[in-house]
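Sequential numbering from 1 applies to the sequence shown in our numbering.
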Amino acid sequence: MAGRYGEDVLAGDWRRRKVTPVVDAEPDLVVEDADSGFCGAVVGFEAGAVVLEDRHGKRRNFPLLPAAFLLDGSPVTLRRPTRAAVPAARRRTASGSVAVANVRAQVAKASRIWVEGIHDAALVERIWGDDLRIEGVVVEPLDGIDALDDEVRNFGPGPTRRLGVLVDHLVPGSKESRIVARVNSPHVLVTGHPYVDVWQAVKPAALGIAAWPVVPPGRPWKEGVCAALGVAEPADMWRHILSRVNSFADVETPLINSMERLIDFVTEPA
Numbered sequence: 001m002a003g004r005y006g007e008d009v010l011a012g013d014w015r016r017r018k019v020t021p022v023v024d025a026e027p028d029l030v031v032e033d034a035d036s037g038f039c040g041a042v043v044g045f046e047a048g049a050v051v052l053e054d055r056h057g058k059r060r061n062f063p064l065l066p067a068a069f070l071l072d073g074s075p076v077t078l079r080r081p082t083r084a085a086v087p088a089a090r091r092r093t094a095s096g097s098v099a100v101a102n103v104r105a106q107v108a109k110a111s112r113i114w115v116e117g118i119h120d121a122a123l124v125e126r127i128w129g130d131d132l133r134i135e136g137v138v139v140e141p142l143d144g145i146d147a148l149d150d151e152v153r154n155f156g157p158g159p160t161r162r163l164g165v166l167v168d169h170l171v172p173g174s175k176e177s178r179i180v181a182r183v184n185s186p187h188v189l190v191t192g193h194p195y196v197d198v199w200q201a202v203k204p205a206a207l208g209i210a211a212w213p214v215v216p217p218g219r220p221w222k223e224g225v226c227a228a229l230g231v232a233e234p235a236d237m238w239r240h241i242l243s244r245v246n247s248f249a250d251v252e253t254p255l256i257n258s259m260e261r262l263i264d265f266v267t268e269p270a
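Shown next, in the form of structure tokens:
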């Protein structure tokens, strides 16, 4: 009978519990406070607490309590490094926010940001791509906004399924402003810029020109720009434009303000 039940189930230290890992709170380590959900990078220590800074530059202090933080979704206990840490140089993303290291892109959330076309989507990715991947927000290009109200209705926005829309040439009295006026969901935010096309939201200085060419009414704007600048095809012109955009400093302020508002709106907790 001695081997009937195998090993003694009480053998060894059966009272042992899972131990929470202890992690040094090195500069720029990104963690989440388990109680409040505040997520940020380590920027220092004050009065025995760790100081975290989120992507908007907001700072909060949190006591170094056992299992008080989440790292990659798992509980950890933070401790102040025993050695004097040399602060790492603060790297900035193309949007100007503080870059966070060793963070995986989140699984895409239900909320979305729509833009008018593939050029808009490429420019948004160029500048805000890092921020959007961390937030888990997908940018989707539309084929124009003529049927925007129908598209919004089909999307089915709600408190946990928000929608942000970036519109070109959104000025009073324009066709675009009349289309946008038909969208009235509290879970949808439509913003825009005054430029005829997202090309024009790129600063002329970034392209080495004094100003965007004036295209006569009735002529397609992109083709008119290409003709004035001696470029054969719009596709060639667009590749040149995108290659000269390295950060938010290369685009006009109305585009920056509109995109920042949309990101804040779709990432706001329900």
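C-beta: ideal position from N, C-alpha, C; glycine also.
Straight-line Cα distance separating A181 from F62: Here the question's residue 62 lines up with position 62 in the sequence shown. Here the question's residue 181 lines up with position 181 in the sequence shown. Rounded to the nearest angstrom, the two C-alpha atoms are 44 Å apart.
Residues near T253 by beta carbon distance below 8 Å, same chain, minus five either side: Counting from 1 along the sequence shown, the entry for residue 253 is found at position 253. Excluding positions up to five away in sequence, the list is empty.
Continuous alpha helix (DSSP H) stretch holding I179: start and end: Position 179 of the sequence shown, counting from 1, holds the residue named residue 179. Segment K175 to V180, the alpha helix (DSSP H) holding I179.
Distance CB(L262)-CB(G164) smaller than 7 Å: Numbered from its first residue, the sequence shown carries residue 262 at position 262. Numbered from its first residue, the sequence shown carries residue 164 at position 164. Yes, Cβ-Cβ distance for L262 and G164 is below 7 Å.
Spatial distance of V76 from A68 (CA atoms): In the sequence shown, counting from the first residue as 1, residue 76 sits at position 76. In the sequence shown, counting from the first residue as 1, residue 68 sits at position 68. Answer to the nearest angstrom: the Cα atoms are 7 Å apart.
Own chain residues within Cβ distance below 7 Å of F45, not counting five before or after: In the sequence shown, residue 45 corresponds to position 45, counting from 1. So the qualifying residues of the chain are V51 and R80.
Exposure of R82, with buried meaning 16 or more beta-carbon neighbours within 10 Å: One-based indexing of the sequence shown puts residue 82 at position 82. In the sequence as presented, Arg is not what sits at residue 82; that position holds Thr. Exposed, since its Cβ has fewer than 16 Cβ neighbours within 10 Å.
Touch test, the region 196-206 against the region 167-176, Cβ-Cβ under 8 Å, three pairs minimum: yes
Three-way DSSP call (helix, strand, coil) for V190 in this model: Counting from 1 along the sequence shown, the entry for residue 190 is found at position 190. If DSSP states are grouped into helix, strand and coil, V190 belongs with the strands.
Same chain, Cβ closer than 8 Å to D120, five either side skipped, listed in chain order: Within the sequence shown, the letter at position 120 stands for residue 120. Answer for D120: P141, L166, D168 and V198, listed in chain order.
Residues that DSSP places opposite S74 in a beta bridge: In the sequence shown, counting from the first residue as 1, residue 74 sits at position 74. According to DSSP, residue pairing for S74 in a beta bridge involves L71.
Same chain, Cβ closer than 7 Å to A210, five either side skipped, listed in chain order: Within the sequence shown, numbered from 1, the residue matching residue 210 stands at position 210. Cβ within range, chain order: P204.
Beta-carbon spacing of D54, G73 below 7 Å: Sequence index remark: in the sequence shown, residue 54 carries index 54 (1-based). Sequence index remark: in the sequence shown, residue 73 carries index 73 (1-based). Taking 7 Å as the cut-off, the Cβ atoms of D54 and G73 do not count as close.
Cβ-based burial, A249 [other Cβ within 10 Å; buried from 16]: One-based indexing of the sequence shown puts residue 249 at position 249. Burial call: exposed.
Distance, I241 Cα to I256 Cα: Taking the sequence shown and counting its residues from 1, one reaches residue 256 at position 256. Taking the sequence shown and counting its residues from 1, one reaches residue 241 at position 241. One C-alpha to the other measures close to 17 Å.
Nearest neighbour of G156, chosen from D33, V183 and V139 [CA to CA]: Counted from its first residue, the sequence shown places residue 156 at position 156. Taking G156 as reference, the option from D33, V183 and V139 with the minimal CA-CA separation is V183.
Neighbour-count burial assignment, S36, 16 or more Cβ in a 10 Å radius: The residue you call residue 36 lines up with position 36 of the sequence shown. Answer is exposed; the Cβ neighbour count stays below 16.
Cα-Cα separation between G144 and V152, rounded to whole angstroms: Here residue 144 refers to the residue found at position 144 when the sequence shown is read from its first residue. Here residue 152 refers to the residue found at position 152 when the sequence shown is read from its first residue. C-alpha separation (whole angstroms): 13 Å.
V214 versus E233: straight-line alpha-carbon distance, rounded: The count along the sequence shown starts at 1 and reaches residue 214 at position 214. The count along the sequence shown starts at 1 and reaches residue 233 at position 233. The alpha-carbon atoms of V214 and E233 are separated by roughly 18 Å.
C-alpha gap between A147 and F265, whole angstroms: What you label residue 147 is simply residue 147 of the sequence shown in a count that begins at 1. What you label residue 265 is simply residue 265 of the sequence shown in a count that begins at 1. Roughly 22 Å separates the two Cα atoms.
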